[in-house]
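First up is the structure itself, then whatever we jot down about it.
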Amino acid sequence: MATDTLKSKPGAQGGATGGLRRLLLDNGALTALIVLVIAMSALSGDFLTADNLLNVGVQAAVTAILAFGVTFVIVSAGIDLSVGSVAALSATVLAWSATEAGMPVVLAVLLAVATGIACGLVNGFLISYGKLPPFIATLAMLSVGRGLSLVISQGSPIPFPDSVSHLGDTLGGWLPVPVLVMVVMGLLTAFVLGRTYIGRSMYAIGGNEEAARLSGLRVKRQKLAIYAFSGLFAAAAGIVLASRLASAQPQAAQGYELDAIAAVVIGGASLAGGTGKASGTLIGALILAVLRNGLNLLSVSAFWQQVVIGVVIALAVLFDTLRRKAGATTPAAGASGNGNRGKQALTYVIAAVVAVAVVGATSLLHNGSSAARTQKIGLSLSTLNNPFFVQIRAGAEEEAEKLGVDLTVTDAQNDASQQANQLQNFTSGSLSAVVVNPVDSDAAGPAVRGANQSGIPVIAVDRGVNEADTAALVASDNVEGGALGAKALAEKLGGKGTIVILQGQAGTSASRERGAGFAEGLKDYPGIEVVAKQPADFDRTKGLDVMTNLLQAHPDINGVFAENDEMALGAIKALGSKAGKSVQVVGFDGTPDGLKAVEAGTLYASVAQQPSELGRIAVRNALRAAEDKKVETMVKVPVKVVTKENVAGFEG
Numbered sequence: 001m002a003t004d005t006l007k008s009k010p011g012a013q014g015g016a017t018g019g020l021r022r023l024l025l026d027n028g029a030l031t032a033l034i035v036l037v038i039a040m041s042a043l044s045g046d047f048l049t050a051d052n053l054l055n056v057g058v059q060a061a062v063t064a065i066l067a068f069g070v071t072f073v074i075v076s077a078g079i080d081l082s083v084g085s086v087a088a089l090s091a092t093v094l095a096w097s098a099t100e101a102g103m104p105v106v107l108a109v110l111l112a113v114a115t116g117i118a119c120g121l122v123n124g125f126l127i128s129y130g131k132l133p134p135f136i137a138t139l140a141m142l143s144v145g146r147g148l149s150l151v152i153s154q155g156s157p158i159p160f161p162d163s164v165s166h167l168g169d170t171l172g173g174w175l176p177v178p179v180l181v182m183v184v185m186g187l188l189t190a191f192v193l194g195r196t197y198i199g200r201s202m203y204a205i206g207g208n209e210e211a212a213r214l215s216g217l218r219v220k221r222q223k224l225a226i227y228a229f230s231g232l233f234a235a236a237a238g239i240v241l242a243s244r245l246a247s248a249q250p251q252a253a254q255g256y257e258l259d260a261i262a263a264v265v266i267g268g269a270s271l272a273g274g275t276g277k278a279s280g281t282l283i284g285a286l287i288l289a290v291l292r293n294g295l296n297l298l299s300v301s302a303f304w305q306q307v308v309i310g311v312v313i314a315l316a317v318l319f320d321t322l323r324r325k326a327g328a329t330t331p332a333a334g335a336s337g338n339g340n341r342g343k344q345a346l347t348y349v350i351a352a353v354v355a356v357a358v359v360g361a362t363s364l365l366h367n368g369s370s371a372a373r374t375q376k377i378g379l380s381l382s383t384l385n386n387p388f389f390v391q392i393r394a395g396a397e398e399e400a401e402k403l404g405v406d407l408t409v410t411d412a413q414n415d416a417s418q419q420a421n422q423l424q425n426f427t428s429g430s431l432s433a434v435v436v437n438p439v440d441s442d443a444a445g446p447a448v449r450g451a452n453q454s455g456i457p458v459i460a461v462d463r464g465v466n467e468a469d470t471a472a473l474v475a476s477d478n479v480e481g482g483a484l485g486a487k488a489l490a491e492k493l494g495g496k497g498t499i500v501i502l503q504g505q506a507g508t509s510a511s512r513e514r515g516a517g518f519a520e521g522l523k524d525y526p527g528i529e530v531v532a533k534q535p536a537d538f539d540r541t542k543g544l545d546v547m548t549n550l551l552q553a554h555p556d557i558n559g560v561f562a563e564n565d566e567m568a569l570g571a572i573k574a575l576g577s578k579a580g581k582s583v584q585v586v587g588f589d590g591t592p593d594g595l596k597a598v599e600a601g602t603l604y605a606s607v608a609q610q611p612s613e614l615g616r617i618a619v620r621n622a623l624r625a626a627e628d629k630k631v632e633t634m635v636k637v638p639v640k641v642v643t644k645e646n647v648a649g650f651e652g
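Here's what the structure looks like:
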């Protein structure tokens, strides 16, 4: 059941109506899931297709596997904030071991699993023997795990071994392997919690740790095992996630620890400990997946999606609190008598009947409409937290309105796995074409191949997609832009001086390409010395902080190259009066704020792309591809070095 079965107080409502009411109240998460499915089915004709329901399962898999591990921790009144980083680290260890180190794949997998368990044991040791609060210990591991992942990968994605990448495929051409792994891990979780000594110990520790200790439980050793379980499940989730993306991404699974905790809590577990079940956790993960999938299909703004999901989490916990105050008592932890199992079976039978009824009703509802539809195009952007990509969206929306196209825009938030989910949702929806601005060119490949198999044309914008077919690539040349930036900065400095480089987010293809182009262009100027390189994640605030720190070690630098204008603007703030005078700064993208700084003289130059034009051309080509018209496979939008001399005549 979604939550622990609660027994009504004597005198509670009787009869069929009261029984149904109690059944729904006692299974709040399951009720919420059914309501969500009904709502999404009624609102979108694409939701209840077989392909889309399988997509929901795949998209829930990684969160569910992580959440199963977190369930052990929360049941025992702990918390684990490190599971996302441990997942990324385990996947990176596997990919590096099997490729760079040349280890047999079986040994690489075992090493990855051992890495997850080791991280969990470290957490358990710090909490049990180091007396650190679980929040602090796992927060530290979150940082350590992510840092080690970046160190091992050098900030770049590592291709996953083909033999392991099959975990991201399907069996028989239709059944996704991630769903099977999720089911197996869920059954293992249910068995551990309900049928083993360590499972009963978790409930006892979560209910009253001191009483558990006095009753003879070795609480410290039990906590070691509990956090080791969490690390094991995190490693499994990382392997499944990397298999879906065909590469180990050092920045993968960021924020997934919060989704995992949310899934456990939505499923009826208490953060105070002592309650929680595997079935509830699974339902919590499915609720999150259904929400994201359905909101994508309904073209809800990416920003509003975050608001909706937050509200749903709050309402789920509030509902559970009200339910517990409604006069119910929880049976002893781990209790599962025949009566409870009978009620559980009845619950799932009712849920199945309701689901079948919904399928039939909504199928009739949506099949009854045969009106001609407007051409629909999906646009998946790597992020909308950057002016450059906001301009791409603006150009795309302007062109879509001009052409009478229904455009759906999603924000991947620089998360390759989230973008893979969005592309899968596009594929299962009734879209004519898809435009994708990849977070990473390799990681987008599997999802784009899925669109290829469904006959949906894909247009890549700004960055290409590897190992998949795209009808066209609409892009500026990041490598050429980096070389132009090097030339502009070096000539401004007279061919000699010391400079620092602010790099973009580690692992992204834009950062790699711009950095490679700059390094290549700088070879023609041996008098220029790069004294420091540091990532600032394409973010203005981080650019300010990183530049401030670099100035402490290198106060006499002559120049700065930032791989986007946002970081350049942060660097200008840190430089103060030096910017544009004793220190020359070159940015990249030609954003409105960047061009204003060029006009003011604080930013010497920006390697300007034309993001609005990129968006317009991408939508135009997507519509042509959808109508089976000829499309140029490569559309280059020129880059241009904009300085104070030519900024007045530049239009981005």
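Numbering (UniProt numbering) for the sequence shown: 1 to 652. We treat Cβ as the ideally placed atom computed from N, Cα and C, and that holds for glycine.
- In the three-state reduction of the DSSP assignment, F191 falls in the helix class.
- Among the bridge pairs identified by DSSP, A475 is matched with K636.
- For the 8 Å CB-CB criterion, L43 and L403 do not form a contact.
- If you check the CB distance, N564 and F303 do not come in under 8 Å.
- For E210, the enclosing alpha helix (DSSP H) starts and ends at E209 to L214.
- Counting only the Cα atoms, Y227 lies some 49 Å from V607.
- Taking the C-beta atoms as reference points, I266 is found no nearer than 8 Å to L291.
- Note that the C-beta distance between V465 and V448 is below 8 Å.
- Here the alpha carbons of A262 and A314 stand approximately 9 Å from one another.
- With contact defined as three or more Cβ pairs closer than 8 Å, the stretch 535–551 and the stretch 572–585 are in contact.
- In this structure, G594 lies near L569, with their beta-carbon atoms less than 8 Å apart.
- Distance from the CA atom of S243 to the CA atom of A60, rounded to whole angstroms, is 15 Å.
- Three or more beta-carbon pairs separated by less than 8 Å link the stretch 240–259 to the stretch 84–100, which places the two stretches in contact.
- Counting C-beta pairs closer than 8 Å gives fewer than three between the stretch 164–181 and the stretch 278–292, which falls short of the contact rule.
- Looking at D406, E645, L132 and A234, the one whose alpha-carbon comes closest to that of I65 is A234.
- In this structure, the CA atom of R195 is about 16 Å from the CA atom of V184.
- For the pair Q375 and T470, the Cα-to-Cα distance works out to about 19 Å.
- Here P157 is buried. Its C-beta has 16 or more other C-beta atoms within 10 Å.
- Out of P457, E491 and M567, the CA that lies nearest to the CA of G504 is found in M567.
- Counting only runs of at least 4 residues, the stretch 105–170 fully encloses the following alpha helix (DSSP H) elements, listed from N- to C-terminal order: 105–128, 134–153 and 162–165.
- Positions of the alpha helix (DSSP H) runs, each at least 4 residues long and wholly inside the stretch 36–94, are given as 50–75 in order along the chain.
- Contact annotation: L431 and V409 have beta-carbon atoms that are not nearer than 8 Å.
- Residue pairing by DSSP places A605 opposite V586 in a beta bridge.
- Going by C-alpha positions, L126 is about 20 Å away from L271.
- In this structure, the alpha-carbon of V317 lies about 17 Å from that of I79.
- Boundaries of the beta strand (DSSP E) around V434: A433 to V436.
- The three-state reading of DSSP puts T548 in helix, counting H, G and I together.
- Counting along the chain, A562 sits inside no alpha helix (DSSP H); it lies in the beta strand (DSSP E) bounded by residues G559 to A562.
- Looking at the backbone, the Cα of A532 and that of A278 are separated by about 49 Å.
- Here M141 is buried, its C-beta having at least 16 other C-beta atoms within 10 Å.
- For P387, no beta strand (DSSP E) encloses it; the enclosing alpha helix (DSSP H) starts and ends at P387 to L403.
- Counting only runs that start and end inside the stretch 441–498, the beta strand (DSSP E) elements of at least 3 residues fall at 458–461 and 472–475.
- Residue state for Q534 is assigned as strand, using DSSP reduced to three classes.
- Here DSSP, grouped into helix, strand and coil, assigns D593 to helix.
- L121 places its beta carbon less than 8 Å from that of L224.
- DSSP places K223 in the helix class (H, G or I) of the three-state scheme.
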